[in-house]
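Below: one structure, written as structure tokens.
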Amino acid sequence: MRKMLENRFFLLNITASLIFIQANFWLIFLNLKNLPSLIPLFYFEEWGEKQLAAQSNIWLLVVIPLGLLIADIILAKAMFKKEKLVSQALTLTASLVSFLSFFALWQILARIGVI
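My numbering numbers the first residue of the sequence shown as 40 and each following residue consecutively.
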């Protein structure tokens with residue numbers, strides 16, 4: 040694990056992921072009382088009630104990237120010695136998912152008028 044964290048690519052991606060996950064947490068936590076009971080979370084569904092989810096489901100935008108980051112770090116650690124490129128791809132994927140989660144949360148909060 041130490042050699043993996045000495046690699047700047049891994050360190051940068053893991054740090055970026057943690058920053059976006061923490062930003063998601065604080066955006067939700069600080070705006071929780073201003074959120075409506077139903078929020079538009081599922082944009083892949085047709086317009087209307089199918090897109091709406093309970094307010095508590097917005098925490099998925101923190102839990103999913105965090106779970107993916109943990110899983111990717113475990114897999115990257117296991118593959119680091121043999122498949123460095125795959126390990127780098129895993130951490131890059133985690134940082135991209137964290138960023139997209141942050142972007143989605145920002146869009147949701149902007150559309151409901153919280154930001």
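Virtual Cβ for every residue (Gly too), placed ideally from N, Cα, C.
Distance between Ile78 and Ile147 (C-alpha atoms, nearest Å): 8 Å
Hey, would you say Val153 sits closer than 8 Å to Asn96, going by beta carbons? no
Straight-line gap, Lys123 to Phe49 (C-alpha atoms, nearest Å): 10 Å
I think Ser134 touches Asn63, with their Cβ atoms under 8 Å apart; what is that distance to the nearest whole Å? Not a contact, Cβ separation roughly 13 Å.
Please classify Thr130 as buried or exposed, where buried requires at least 16 other C-beta atoms within 10 Å of its C-beta. buried
Closest by C-alpha distance to Leu100, when choosing among Leu51, Leu144, Lys116 and Arg150: Leu144
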